[in-house]
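**Q** One structure is given below, represented as structure tokens, and several questions about it will come after.
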Amino acid sequence: MKRSSEKANACVSRRYVGAKTRLADIAPYVTKDGSEIRELMHPDHHGNRAQSLAEAVVPAGTRTLLHRHLTSEELYHITAGEGILTLGAEKVKVSPGDTVLIPAGTPHCIEASGAEALHILCCCSPAYRHEDTEIL
0 MKRSSEKANA
10 CVSRRYVGAK
20 TRLADIAPYV
30 TKDGSEIREL
40 MHPDHHGNRA
50 QSLAEAVVPA
60 GTRTLLHRHL
70 TSEELYHITA
80 GEGILTLGAE
90 KVKVSPGDTV
100 LIPAGTPHCI
110 EASGAEALHI
120 LCCCSPAYRH
130 EDTEIL
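In numbering that gives the first Met the number 0, the protein residues as written are 0 to 135.
Rendered as structure tokens:
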């Protein structure tokens, strides 16, 4: 008799029609704001339609350039490191486990204020596009 977890895995594999990526297999690139990005899911590459997901790394003691996205809203989820997010006129301390909404059009930048690099999962909807980023 199969265990319930084996049955669940069998069901998932038969019905799975999505896409899977692995962080270690994705080459990084630098965005307009100066952060190093690995695109985990993006419509241009993975078949999803409405959003993108990336990991951004900001080295300790550095910050991204102040910028905004004209049409995309972003969610930042901090997975490692500590930082200070400038969000409009506010400054918000962030650390692992924090999630922040950045509405479309809102000026923002983030500084890795701790001793370690800041790692952020960034979800954009609509999906991230260089053309949507305006450096301020």
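Note that CB positions come from ideal geometry on N, CA and C, so glycine has one too.
So what's E130 in DSSP terms, helix, strand or just coil?
**A** Helix at E130.
**Q** Looking at S112 and E81, is the spacing between their C-beta atoms short of 8 angstroms?
**A** In this structure, S112 lies closer than 8 angstroms to E81 by Cβ.
**Q** Measuring CB atoms only, is the stretch 125–135 touching the stretch 76–91, in the sense that at least three cross pairs come out at less than 8 angstroms?
**A** No, the stretch 125–135 is not in contact with the stretch 76–91.
**Q** Ignoring anything shorter than 3 residues, give me the beta strand (DSSP E) runs that lie fully in the stretch 26–68, in order along the chain.
**A** Whole beta strand (DSSP E) segments, 3+ residues: 35–40, 51–57, 66–68.
**Q** Could you name the residues of the same chain whose beta carbon sits closer than 8 angstroms to that of K31, not counting the 5 residues immediately before and after it, in chain order?
**A** So the list reads L64, H66, H129, T132, I134, once near-sequence residues are dropped.
**Q** Examine the ligand GDP and report whether any of its heavy atoms sits within less than 7 angstroms of the Cβ of H45.
**A** With respect to the ligand GDP, the structure shown offers nothing to examine, as it has no ligands at all.
**Q** Please confirm if the stretch 48–61 is in contact with the stretch 89–107, defined as three or more CB-CB distances below 8 angstroms between the two stretches.
**A** Too few Cβ pairs lie closer than 8 angstroms, so no.
**Q** Checking 8 angstroms against the spacing of the C-beta atoms, do G46 and A18 come in under that value?
**A** The answer is yes: Cβ separation under 8 angstroms.
**Q** Return the Cβ separation of Y203 and C121 in integer angstroms, given the expectation that the two are a contact with Cβ distance under 8 angstroms.
**A** Within the shown structure, residues of the chain are numbered from 0 to 135, placing residue 203 beyond reach of any answer.
**Q** Taking 8 angstroms as the cut-off, decide whether the C-beta atoms of S124 and S71 are in contact.
**A** The answer is yes: Cβ separation under 8 angstroms.
**Q** Just curious, the beta strand (DSSP E) that T85 is in, first and last residue?
**A** 82–86 is the span of the beta strand (DSSP E), which, as asked, contains T85.
**Q** In terms of DSSP beta bridges, what is L100 paired with?
**A** Paired residues: L74.
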